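See structure below.
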Amino acid sequence: MIGPFSSQGDAFLRNLQQQEANGQLTRGLGAGLKPSTTLTGDELMSPVATSPRGLLRSFSRRQPQLDRATSIKVLGQNEANRRGEVIEVIMEEDPASEVDISGLTGPNALTDRVDAMRQTTFPAKRGEAQVFYPQPNWKPFSMRWPYLAALILLSIGLAVMEELLYRQSHRNPLLSFVSPSDLPAGQYFAFKFAPTLLSVLYGVLWQFVGIEVKRLEAFYQLSKEGGALAAESINVDYITSLNWWRPFQAIKLRHWAVAVSSVATTLAVSLVPTFGAASIILSPGRTERMAHPEEEKEILVDGLWSRLLVSTLCVCAFCGCVLLCILQTRRSGLLADVQGIAGLASMAVVSHILVDFADLDVVSHDDIHAKLKHRRYVLRNASLAPDDETPVTSRDRNRYQDAHLSKNPHPGMLRPSGFGSFAVAVLLFLGFIPIFLFTPASAITDKAPWLVTALAVCVKLAWGTLDTDVRMMEPYYILSRRHAPPSVLTLDYTSVPFGLLPVRAALNGHWLVFFVGFGSIMAEILTVLVTSLATVQGSDFISLVIPGKTNDDTKHIQAGQETKLSFWVSFGLATFILIYMLVVSAFVFVRRRHPFLPRQPNTLASVLAFIHQSKMIWGFVGTAKLDHKGMVRHLAAREQQTYGLGRFVGRDGQTHCGVDEEELLGGYKHGSAFQGPNQPWDRQWDAYE
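Just so you know, full-length UniProt numbering puts the end of the sequence shown at 689, numbered straight through with nothing missing.
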């Protein structure tokens, strides 16, 4: 991004490289946070400063139990939030007894050279001054109170509706018919597809919440007073972790928002459709219906499954209330959405956080965890920074001894074991459908129709894992092919909502991502289709296409709840979707089966290690407060510059591996030895003692 160095001279270049090699960031990197405004305590507490716009500030000032120092802290923080900038407040009296918990300033006496450099991020705090940083609170729509309140009301409404339907069914059947073909189209759709479709859409709405909460949790942890340990923030992976394991992981880390949202999302996606399908039953039983196909059939609500469904919906509503309270009582710490490599790079240029990632280019997650697990980091004024003022307790040191991240550089569904397991599962399910439709095994699904729905949900969850892996890896795959356009640095498919992924991928020309995203939509439809087939005797419909069959041979069609058209459409679409999943997953595996990264980019620390010595970082100086659109425009101005993933000469003049501007020294080849900074002839050894 900075252009060639030839005009600056070799001497200047070597000077920059030597500074970088010594742990000193150059060309605006690590400039630190400086107060934009300086106020006195009297100015802060004056009527002008506590204008009616700041209701909370005025209210806090009038509280008689607050002393002057506490009032200044409250007013100072509110003023920083109002201005959106760092402010310094000069105290007119000796604040020796006060403790400033809002400003992380002032160096400690450490002997380590690198650690000493890491402390220059924040302005030095004089004894008579306090520094306050703005606490922004940007949140995606799915984490704001209107969406969560609507989701809570929907959960309660569905539970009440289910209970009313059960009580109505207990008195009178919901629907009565002799032949399903006698029902109007709207009424037939309402009882046949609407319940499952509604439960699937309900799960999708919860997925919107779960995805955003787990994606942004690390930034919230960093924005808290005192920041967070690396093991609790930048080293946490909620992207590729298993759905059933994520709540336990979040509870261990005390990330309550992730724990609650993960429980609710898992229940909404898996149990709600399963219980919903099981609660709708057809009476009388299959044996009696087959013996007397022309008798009246009734649609009822099963008591046990209905109670389980209502209980699950109530649990989801309770989780929604807890999540709403958590998210409303904390600030996100973000000015705008953080998307892609560029979003994270813009947050890392103000401080000396990049120094902490020296020699971590191609190491595993375990090595990164071992080096950073006891270090604290903070998010202040849209910038990530080390925090050396808050000491690490012995309890914290003992909590995070082991890493929880995979040592494999490739996501699970892109490995032979992951793809093989998924392909076998799809093939078995593909074979199971005609077995329970056209053989006597249909008696099993007649007794337990929820079993088919549960299997479809398992397939959907497995496909969701593939979807997540492809979303995460796509920008890095493009970079690994070299000479990628600047737009790839802002590309972040993990933040794209469900349903919009195929559209976004098609507009970008990323067709593999498009097919995977479209498969996620069809996976939801699959649940609806196979649920409708669970209680069908398919052999009767085959009789319709065999020449010579009489009406007596096909009269059993009236014994079920499927028409000829609905059966063949449902069966055909379900078969097509499973074949589509099998073909697309095989295509993804063939195209993405080889590792092209030293480790998975599933944590903030992993991404920072890829760019800690990149020369392109210089181009992000001054971009910390840009939103996503602003960052896109910023990079668009450098449309002639291209980027890649591989070996490059870093800012310190040594060979590194990661993401940088072209031209690189070469691409990354997994399994080949990487020597790291291995150019001793390029170092001035006389500068070392």
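Cβ coordinates follow ideal geometry from the N, Cα and C atoms, glycine included.
Quick caveat, the model's predicted, so the values are computed rather than measured.
For P386, the secondary structure class from DSSP, reduced to helix, strand or coil, is strand. For V301, the pairing in a beta bridge is given by DSSP as I280. Annotation for F12: the continuous alpha helix (DSSP H) segment containing it runs 10-21. Taken through DSSP and simplified to helix, strand or coil, R592 comes out as helix.
Between L533 and Y377, the CB-CB gap reaches or exceeds 7 Å. Secondary structure at A484: strand, using DSSP grouped into helix, strand and coil. Counting every other CB atom within 10 Å of its CB across the protein chains shown gives W450 a total of 16 or more, marking it as buried. Annotation for V86: no beta strand (DSSP E) segment contains it, and DSSP assigns it neither H nor E.
Residues L29, A345, A348, V349, L354, I611, R651 of the same chain have their beta carbon placed closer than 8 Å to that of I617, with the five preceding and five following residues left out of the count. Setting aside the 5 residues that flank it on each side, T38 is surrounded in the same chain by E88, each with a C-beta closer than 6 Å to its C-beta; the list follows chain order.
For R397, the uninterrupted alpha helix (DSSP H) segment begins and ends at 394-399. L44 is classed as buried because its beta carbon has at least 16 other beta carbons within 10 Å across all chains shown. Here A462 carries a helix assignment [DSSP, helix/strand/coil]. Counting C-beta pairs closer than 8 Å gives fewer than three between the segment 243-254 and the segment 598-613, which falls short of the contact rule. Across the set L597, V470, L455, the C-alpha of L597 shows the shortest separation from the C-alpha of L645. Per DSSP, D366 is not a residue of any beta strand (DSSP E); the alpha helix (DSSP H) it occupies stretches across 365-372. The DSSP-derived three-state label of S169 is helix.
With 16 or more other CB atoms across the displayed protein chains lying within 10 angstroms of its CB, Q207 is buried. Less than 7 Å separates the beta-carbon of I239 from that of N602. Non-local C-beta neighbours of F518 in its own chain, meaning closer than 6 Å and more than five positions away in sequence, comprise P502, ordered along the chain. Counting along the chain, T265 sits inside the alpha helix (DSSP H) bounded by residues 256-266.
Distance from the CA atom of D402 to the CA atom of Y643, rounded to whole angstroms, is 35 Å. When rounded, the separation of the alpha-carbon atoms in E128 and T40 is 10 Å. Between I368 and A605, the beta carbon gap of about 5 Å places them in contact (Cβ cut-off 8 Å).
Pairing E295 with M143, the inter-Cα distance amounts to about 51 Å. Close CB contacts of M472 within its chain, under the 8 Å cut and outside five residues either way in sequence, are with I239, T240, P411, Y493, T494, Q600, P601, N602 (chain order). About 18 Å separates the Cβ atoms of S270 and L154, ruling out a contact at the 8 Å cut-off. Secondary structure note for A423: its alpha helix (DSSP H) is the uninterrupted segment 416-438.
In the three-state scheme derived from DSSP, where H, G and I count as helix and E and B as strand, T37 is classed as strand. When only Cα atoms are considered, I525 and F177 end up about 26 Å apart. Going by DSSP, H656 is part of the beta strand (DSSP E) stretching over 655-661. Excluding the 5 residues flanking it on each side, V322 has same chain C-beta neighbours closer than 6 Å at V260, in chain order. Residue pairing by DSSP places A129 opposite I90 in a beta bridge.
Cβ neighbours of T468 within its own chain (closer than 7 Å, five residues either side excluded): I239, T240. DSSP, read as helix, strand or coil, puts A228 in strand.
At the C-beta level, I542 and G320 stay beyond 7 Å of one another.
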